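Asks: Protein chains in written order, with our numbering: chain V, 1 to 255; chain F, 1 to 315; chain L, 1 to 334. Every residue gets a Cβ at the ideal spot worked out from N, C-alpha and C, and that includes glycine. Computed from a predicted model, the values in this text were never measured in an experiment. My structure is below; once you've seen it, I'll send some questions.
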Amino acid sequence: MQNIRKNYGHVEALKGVDLALHEGEILGLVGDNAAGKSTLIKILSGAVSPTSGSIRLAGQKVEINNPADARRHRIETVYQQFALVDNLTIYCNVFLGRMATRRLLGLIPLLDKDRMQRDTRDVLRRMDIRFDSVKRVVSDLSGGQRQAVAIARAISFNPRILVLDEPTSGLAVKEVHKIEDIVLNFKNKGIAVILISHRLESIFKTADRIVVLRAGGKVLDERKDQITFQGVVEKMFGLESESGGLLNKIAGERP
Amino acid sequence: MKRLDFLLRVSVLLLLALVILAANPNFGKLGNLVNVVRQASLLYILGIGMTLVIIVGGVDLSNGAVLALSSCLFALCVVHKVPIPIAVIVALLIGAACGLLNGLTIVFARIPPFIATFAMMYIARGLAYYFMHSSSIQGFDARFRFIGTGSVLGVPMPIVWAGLLYLIFHTLLENAPFGVSIRAVGANPESSRLAGLNLNRTTIVVYTLNGLLAALAGLVYTARLNNAEPVIGGSFPLDTIAAVIIGGASLFGGEGHLAGTLVGVLILTLILNGMNLMGIPSIWQSFITGSVILLMIGAQTYAKQIGSRRLSART
Amino acid sequence: MSGSAAARAPNRLRINPRTLAAAAAHIGRVPSGVILFVVVLVLFSAAVPEFLSARNVTNILLATSPLAILALGMALVMLTNGIDLSVGACISFISVLTAAVLGPGHPIWLSILAAILASALVGALNGMIVALMGIPAFIVTLGTMGIATGLALIIGNGQTLYWEKNWFNGVALSYLLGVPLAFWIVLVLFAAVLWIVHQSVFGRHIYGIGCNEEALRLCGVRIARTKIAVYALNGGFVGIASLLITSRIASGNPNIGVGWEFEAVAAAAIGGVTFMGGRGHPAFAMISAVTITMLLNGLGLLGINTSIQYVSVGAVLIVGMSLNILLERMTLLK
């Protein structure tokens with residue numbers, strides 16, 4: 001993404017942000033609230049159009065004006081609100097909007113439940129997740145399990161780029177680790193991931209590279225081994241000039 | 001969980017039947033039972049449509065009025081020497097058109113379903129009165145009346161209709177993509193939209209189907225009673241809604257099964273039949289029906305709350 | 001003014017002018033139903049010469065009184081995200097009850113008291129089941145509707161009841177200073193509702209429940225109490241409306257209330273109070289009630305078939321609602 005600008009009226013949500021993503025890489029996108037992270041990925045996923053700037057995929061310039069375009073370019077986004085339907089089963093949620101059908105008497109389209117269940121189990125296996133049954137209703141699942149289903153849905157579209165917006169918000173520690181494992185799993189599968197999170201520990205655990213946005217502009221873009229936790233926090237809040245002691249108080253115990 | 005819910009409802013139905021049987025052994029006579037099921041079938045045809053509407057998160061107060069309007073227009077066509085098959089098609093089209101209008105008003109004018117269908121109720125009822133000059137029409141062709149009074153292999157036609165429609169719509173709801181769409185849109189419209197479902201189309205189709213079913217029920221009704229008048233069906237909307245809710249659907253959308261509605265319709269019909277058999281004067285009947293509806297739904301809601309409380313305590 | 005208001009509201013919610021302004025803005029962002037009112041008024045004044053005659057205007061005021069009262073009560077209930085479908089059946093019930101008290105010769109004040117108490121009790125019952133058992137108001141009031149219908153039939157054995165002619169007959173048709181007494185009653189109740197909405201903690205709670213019940217509950221507000229009170233208040237209003245109707249028809253008719261609940265909801269909805277809860281002002285509901293009555297009156301004067309009158313109520317409802325929604329979207333865009 002090159003020189004992306006987004007203005008909402010006279011509010012500059014994004015001031016010329018460049019973002020590069022490499023294949024098989026996990027990119028951690030961090031920043032305070034209203035830094036512009038959500039806006040940036042919404043532009044990538046076609047939910048929002050930029051005021052100016054361009055997007056290139058594998059060197060080619062592409063137009064992403066709506067979610068269908070993003071899907072066509074194999075960019076999948078999992079939003080914070082899960083986008084799951086509570087009273088439907090796991091496999092129904094994974095296939096929502098593109099249910100597999102078989103024809104009864106060659107004419108009447110009926111749901112091909114077996115195939116959808118099979119394909120769902122495949123996707124989950126590839127992500128290294130296990131459910132005792134894909135016929136369970138999503139509302140019975142825990143937060144982490146639901147997030148896993150949401151991610152599975154995105155994966156089932158076979159994306160090249162997967163964007164996860166706050167995948168671990170509101171989850172218990174054990175489930176956060178599970179999601180982190182799922183994300184790490186993608187590294188060797190040829191999927192590039194953009195991970196937005198407020199949990200810096202998760203970012204440092206899973207990401208290869210870290211990008212910090214602040215007030216609509218990019219203030220940091222480094223590989224994980226080139227920066228410290230403290231450095232990231234400083235950049236997020238613009239506290240470069242503050243003493244380290246204050247920062248330790250804010251950040252707490254850190255690796 | 002769902003199976004348990006359903007079994008509970010069925011046991012309530014059976015319990016009710018036993019109570020009535022104990023009070024009046026005539027209840028168990030085959031003739032009476034067939035009577036009950038036949039009466040319930042007419043309400044069930046409407047109930048199928050209402051189940052879909054409630055699952056998609058809406059409500060339809062106009063089904064009685066649409067029933068009256070379409071059957072009155074059918075009768076008027078017949079009186080004006082329109083061949084019966086054409087008149088039947090006219091009636092069905094009118095019903096579908098009213099349903100379509102409901103859907104369009106709700107989707108595009110963004111008017112809440114309660115208000116939109118309530119307006120349609122007034123409009124359809126008013127038009128029925130207007131076209132009929134507030135009178136009624138009787139005396140239809142025997143071949144037409146067969147669809148309401150006849151029987152196939154000993155099974156009365158209304159029950160045949162109910163059974164057929166159950167098969168068709170059960171398949172639609174449980175085994176077709178459209179059924180999944182209805183449940184998704186009703187439970188979580190935003191997620192459905194993000195997933196690419198066409199909310200507008202789903203909603204409009206559901207209301208149109210409901211209108212169509214109301215017209216069909218109207219035709220069967222007219223055939224059975226040999227009478228078409230604009231006043232019929234005043235209590236139908238609330239009766240069907242009560243049946244669907246007793247059957248386990250949720251007013252918030254997403255939940256509901258046709259089998260549940262069947263149990264709901266049977267319970268309501270049983271209560272009425274039981275009261276008649278027990279010789280309870282008709283003036284007491286609305287009191288009792290209202291109380292029973294309240295008790296049943298109250299018990300259901302309470303049980304659901306206790307159930308979810310226990311579930312959250314366990315986790 | 002803020003001093004005495006603060007004294008009346010010992011709660012943290014001190015009523016100061018700024019809060020009042022915010023409340024007013026929150027309550028009546030869009031003048032719902034006013035446009036419709038004006039349109040209907042202008043249309044019929046032009047179409048029918050005697051529409052604005054003194055006699056017809058007082059006719060309209062008289063005819064609209066019960067619906068206006070019902071609309072006020074229904075608006076308050078709908079503001080809490082609720083609804084009361086038993087209103088029509090209660091009108092029948094109270095009508096028969098009143099006649100049953102008057103029949104044997106009991107004093108009139110007793111029948112009035114009984115009417116208002118009984119309907120308030122039904123309202124409180126509705127409120128209790130909704131608030132304490134968590135069952136949706138739609139279902140609860142559906143049930144009480146059946147119960148009230150039954151009671152209306154049971155008390156009079158299915159008959160319409162009459163009583164010895166006394167001053168109660170036609171009191172609803174009497175005038176005071178040229179304005180129907182019935183409408184004076186409407187104005188008094190309207191003033192009471194205005195006070196509730198703008199000056200009382202009760203009113204703020206009503207709006208709060210409609211907006212964000214959970215937040216209020218966490219603040220320690222007694223939600224159940226407020227809800228029960230709202231439904232009971234609505235019940236009281238229903239009782240008054242029923243008394244007006246009963247006096248006018250000089251009998252206790254077990255079928256007289258059929259359909260009133262829908263007209264009350266329609267008036268409230270056109271007046272901007274919908275199921276979104278917490279938005280809208282009862283005043284507009286009242287104005288919409290007058291609009292509906294004007295419409296029916298005007299169509300009647302034009303000699304239009306009653307069935308077409310039915311149709312027009314439905315059409316007006318749709319038009320009115322669409323207008324509201326359009327207005328809302330326009331103000332939101334600004």
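Quick check: V238/L and G73/L, are their CB atoms within less than 8 Å of each other?
Replies: Closer than 8 Å, so yes.
Asks: Check the Cβ-Cβ distances between E253/V and every residue of chain F, and say whether any is below 8 Å.
Replies: With a pLDDT of only 48 at E253/V, under 50, the local geometry of the prediction cannot be trusted, and the value read off the model is given with reservation. So, not an interface residue.
Asks: Using C-beta distances below 7 Å, list every residue in its chain close to L46/F, excluding the 5 sequence neighbours before and after it, in chain order.
Replies: N63, L213, A214, A217, F236 and T240
Asks: Return the CA-CA distance between L40/V and I204/F, expressed in angstroms with no decimal places.
Replies: When rounded, the separation of the alpha-carbon atoms in L40/V and I204/F is 35 Å.
Asks: Can you give me the start and stop residues for the alpha helix (DSSP H) that V328/F sits inside?
Replies: With chain F running from 1 to 315 in the structure shown, residue 328/F is simply not present.
Asks: Would a C-beta distance cut-off of 8 Å place G31/V and R214/V closer than the cut-off?
Replies: yes
Asks: If distances are taken between C-alpha atoms only, which option among G46/V, I151/V, R126/V and Q81/V comes closest to G170/V?
Replies: Q81/V
Asks: Given that a residue counts as buried once 16 or more other Cβ atoms are within 10 Å of its Cβ, and exposed if not, what is S41/F?
Replies: buried
Asks: Name the chain V residues that come within less than 7 Å of R183/F, Cβ to Cβ?
Replies: N87 and L88
Asks: Which full runs of the alpha helix (DSSP H) of 4+ residues lie inside the segment 172 to 244 of chain L, going along the chain?
Replies: 181 to 199 and 201 to 218
Asks: Let me make sure I understand the geometry here. Which of I249/L, L70/L, V311/L and W260/L has the alpha-carbon closest to that of A89/L?
Replies: W260/L
Asks: Given that G158/L touches chain F, what residues does it touch there, using C-beta distances under 7 Å?
Replies: I283
Asks: S197/V: which of V183/V, N188/V and G190/V sits nearest, CA to CA?
Replies: V183/V
Asks: With which residues is N227/F paired in a DSSP beta bridge?
Replies: Q138/F
Asks: If you drop the 5 nearest sequence neighbours on each side, which residues of the same chain put their C-beta closer than 8 Å to that of L189/L?
Replies: I69, L72, F237 and I240
Asks: Beta carbon of G146/L, beta carbon of Y231/L: below 8 Å?
Replies: no
Asks: So what does Q60/V bridge to, in DSSP terms?
Replies: L57/V
Asks: Leaving out five residues on either side along the sequence, give the residues of the same chain with a beta carbon under 6 Å from the beta carbon of G211/F.
Replies: V66, G95, A96, C98 and G99
Asks: Check whether the segment 274 to 291 of chain L touches the segment 210 to 217 of chain L, counting contact only when three or more Cβ pairs, one atom from each stretch, lie closer than 8 Å.
Replies: The segment 210 to 217 of chain L and the segment 274 to 291 of chain L touch, with three or more beta-carbon pairs separated by less than 8 Å.
Asks: So which residues of chain L does L238/F contact, with C-beta pairs closer than 7 Å?
Replies: L142
Asks: How would you write the range of the alpha helix (DSSP H) that L43/L sits in, first residue to last?
Replies: V34 to A47
Asks: Less than 8 Å between C-beta atoms, sequence neighbours within five positions excluded: which residues of the same chain meet that for G16/V?
Replies: N3, I4, R5, G53 and G217
Asks: Would the beta-carbon of G274/F fall within 8 Å of that of I20/F?
Replies: Going by C-beta atoms, G274/F is nearer than 8 Å to I20/F.
Asks: Could one say the Cβ of T39/V lies closer than 8 Å to chain F's Cβ atoms, at least one of them?
Replies: no
Asks: Using the Cβ count rule (16 or more neighbours within 10 Å means buried), how would you classify F252/F?
Replies: exposed
Asks: Select from Y302/F, S286/F, L197/F and I84/F the residue whose C-alpha is nearest the C-alpha of F140/F.
Replies: I84/F
Asks: Name the DSSP bridge partner or partners of Q2/V?
Replies: S54/V
Asks: Quick check on the DSSP output: the beta strand (DSSP E) that includes V11/V runs from which residue to which?
Replies: V11 to V17
Asks: If I measure Cβ to Cβ from T222/F and keep anything under 8 Å in the same chain, skipping five residues before and after, which residues do I get?
Replies: S71, F74, A75, F140, G148 and A228
Asks: So which residues on chain B does A83/V lean against when the C-beta distance must stay under 7 Å?
Replies: As a matter of chain content, chain B is missing from the structure shown, whose protein chains are V, F and L.
Asks: Measuring only between beta-carbons, confirm whether G254/F sits less than 8 Å from chain V.
Replies: yes
Asks: Quick check: what's the CA-CA separation for I214/L versus T80/L?
Replies: Per the sequence shown, the amino acid found at residue 214/L is Glu instead of Ile. Roughly 12 Å separates the two Cα atoms.
Asks: Give me whichever residues DSSP pairs with Y8/V in a beta bridge.
Replies: As computed with DSSP, Y8/V is found in a beta bridge with V11/V.
Asks: Any idea if M99/V is buried or exposed, counting beta-carbon neighbours within 10 angstroms, 16 or more meaning buried?
Replies: buried
Asks: Any idea what DSSP makes of V273/L, helix, strand or coil?
Replies: coil
Asks: Give a yes or no on whether the minimum CB-CB distance between G257/V and chain F is below 8 Å.
Replies: Absent from the structure is residue 257/V, since the part of chain V shown begins at 1 and ends at 255.
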